[in-house]
Structure formats: C-alpha cells, structure tokens
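A.B. asks:
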Amino acid sequence: MFKKVLIAEDLGWNTQRIEQQLLETGAEEIVIAEYCDDAYVKYVRAIKDDAPFDLLVADLSFKQDHREQKLNSGDELIAAIRGLHRPLKIIVFSMEERLQRIRMLFDEQKIDAYVFKSRRSLEDMAEALTAVAQHKRYISPQVAAALGSQKNLDIEEYDILLLEEIAKGRSNREISERFKALTIKPHGISSIEKRLSKLRIDFKASNATQLIAVVKDLGLI
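Quick note: the sequence shown, position 151, residue 150 per numbering that gives the first Met the number 0, numbers continuous.
#1: Buried or exposed: which applies to L111, given that a residue is buried once 16 or more other Cβ atoms fall within 10 Å of its Cβ?
#2: Taking DSSP's pairing of strands, which residues face I138 in a bridge?
#3: Where R66 and V114 are concerned, what is the direct C-alpha to C-alpha distance, given to the nearest angstrom?
#4: Below 8 Å CB to CB, which residues in the same chain sit around A207 once its five sequence neighbours on both sides are set aside?
#5: For S190 and E155, I'd like the C-alpha separation in whole angstroms.
#6: Give me whichever residues DSSP pairs with V250 in a beta bridge.
#7: I need the straight-line Cα distance from L219 to F202, nearest angstrom please.
#8: Looking at C-alpha atoms only, which residue of A144, K197, K3 is the closest neighbour of F41?
#9: Between D158 and the rest of its own chain, which residues show a CB-CB distance below 8 Å, the 5 nearest in sequence each way excluded?
#10: If you draw a straight line from the alpha carbon of I183 to that of E126, how long is it in whole angstroms?
#11: To the nearest angstrom, report how far apart R16 and I29 are at their CA atoms.
#12: Which residue's Cα is closest to the Cα of E192: S175, A204, A180, K179?
#13: Is the beta carbon of A26 less than 9 Å from the beta carbon of A32?
#14: Does DSSP classify K88 as helix, strand or coil?
#15: Are the region 83–91 and the region 40–60 touching, with three or more C-beta to C-beta distances below 8 Å?
#16: Based on DSSP bridge pairs, tell me the residues matched to S72.
#17: Rounded to whole angstroms, what is the Cα-Cα separation between E8 and E75?
#18: Where does S175 fall in DSSP's three states?
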C-alpha cells in the first residue's frame, strides 16, 4: 500500500498503533518526527537520497517549547512540502474542528484525508489508508457530516475575516476603517452591511450576536 511513511506528531496519540496498522498494510519504513522542521528536513533529505516518502501523516497542532521553529503547525509543514511540487499522499490526523480550516486544507493544499482524533481514530485511520491508497478522498464521518451540512453556503475568506471582526466587537465603521487600512475589499460600510445581511440570511440568524454564535458552533471562526 504505502512503502515509506513520514509521521509528524509530537504527542504520540496512538502513534504506535498507527505504526502497526501501516506495517500490517505493507509499509517497509516509518519515520517519526516530533517537530515540523524536523519532518520537513527528513522529507527533503529523502528526496535528495532518491528514496522519497509516499505518505505523510501529520497532526496540525504542535506544542511550543524552548526550541525555535520555522514551521510551527501542520498547516505550515504541509504548505512547505506542497511547495516542492512532488507527488505525495497526505493524511491529516488532528482534533481540529474548525470547518473552514479543514476545508482550506482540502481545497488549497490538496490533502487526501482528514482523520479526526477520537475514540474511533484507529478505525477511521484504517479506512483512510485504504481509501487514499485507492486515490479516494476520506473524511472522518463526524467531520464529513458537518462539512456536508454547509456545502451549499457560499462562504469566502472575506466572510471569515468579517465575522472575526464582528466577533471582536468592532462596529461596521471600525471594520470599514480597518479593512481600508489593510487594503481588504470591499471596505465600504454599505458593502459590509450588505454582506452581513446575506450571512444572517444564510445562517438563519436574526442578529449579529446569533450569527456569531452559529458560526462558532460550526467551527468557522
């Protein structure tokens, strides 16, 4: 299935059992890195040695310590690796529930699977490995259900930025001035009001407070 696998994980959440799963499916070499920088170096070195990895299993959150890192999250590691433009299957293994972040990993970094850390992580990982080996996408059921419930909503990065500003308690005028300073368009007060009105309709919220509560529950901000 996968012969050479790189695992980027710092807390060892079921890492040994995942290693066993990989060995049972035919993996010949499994390398574990507890820091994103180390994982990137190992990945690049494998390419130079003409023995590249064919699967990356990466967490998103890494605990910060005394050691200074250039890559501080799984997102940054994946983006750096994708920037090398080499073929690689990627499975994200994380407790992250923010749908926008997960959606961006699929849309922008082209990950192949998302396995949510839970009581059934090992079952999900087994299914993910099989699906990815067959060039299929896999998402843990609970996350897939949440993503699916919002698949028809036209949510853009601008909307997320706007919602984050509202969540911070800023007025439309303050947001307008801030967006203008950051060259984020549209930044006119009228445009912001229209966008918020559309978001309230989309999320069936009667006011800004309810809107923020709904999008937070969905993990969008």
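Yeah, the Cβ is synthetic: ideal placement off N, Cα and C, and Gly gets one too.
Keep in mind that this is a model prediction, so the values were computed, not measured.
C.D. replies: Reading from the atomic positions:
#1: The sequence given here has Asp at residue 111, not Leu. D111 comes out buried.
#2: Y113
#3: 28 Å
#4: I165, L195, R199
#5: 15 Å
#6: With the chain running from 0 to 220 in the structure shown, residue 250 is simply not present.
#7: 12 Å
#8: A small fix is needed here, since residue 41 is Lys in this sequence, not Phe. K41 has its Cα closest to that of K3, out of A144, K197, K3.
#9: R194, L198
#10: 41 Å
#11: 12 Å
#12: S175
#13: no
#14: strand
#15: yes
#16: S60
#17: 14 Å
#18: helix
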